[in-house]
Amino acid sequence: MTFKEAMWTSLISLVTGTLLGSFALLPSPINAVVSLLGVILVIWFFRKFERKGIRITFVIFTAVYYLLFILLWSAYTFIKMNPPQV
6 MTFKEAMWTS
16 LISLVTGTLL
26 GSFALLPSPI
36 NAVVSLLGVI
46 LVIWFFRKFE
56 RKGIRITFVI
66 FTAVYYLLFI
76 LLWSAYTFIK
86 MNPPQV
């Protein structure tokens, strides 16, 4: 994997993981648009990079970024609902 392929994989998986996390959190009409954008992005990535190793890396990093997004969003929501008492 070249440096350029690694950067593209990292960037596209970050955006896809964020879209996937947004899909899980947004209400109904908006999450359909977000899921459509995610599907279009995945199809574009899979057409551009046809090697199996890059695709597996993309799926793994997308799952990691999805979990990280959900974790950070949950922490933000918790702190917003329960501000620290000083």
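All letters in the sequence shown, in the order written, are residues 6 to 91 by our numbering. All C-beta atoms, glycine included, are put in the ideal place defined by N, C-alpha and C. Since the model is a prediction, treat every value here as computed from it, not as a measurement.
query, result
"Selection from Ser79, Ile61, Gly43 that minimises the alpha carbon distance to Ala11", "Ile61"
"Whole-Å CB distance - Ser15 paired with Phe66, under 8 angstroms assumed", "7 angstroms"
"Three-state class that DSSP yields for Glu10 in the structure shown", "helix"
"Beta-carbon proximity list for Lys85, same chain, < 8 angstroms, skipping 5 on both sides", "none"
"Same chain only: Cβ atoms within 8 angstroms of Leu77, ignoring 5 sequence neighbours per side", "none"
"Beta-carbon spacing of Val4, Leu31 below 8 angstroms", "With the chain covering 6 to 91 only, the question about residue 4 has no answer from this structure."
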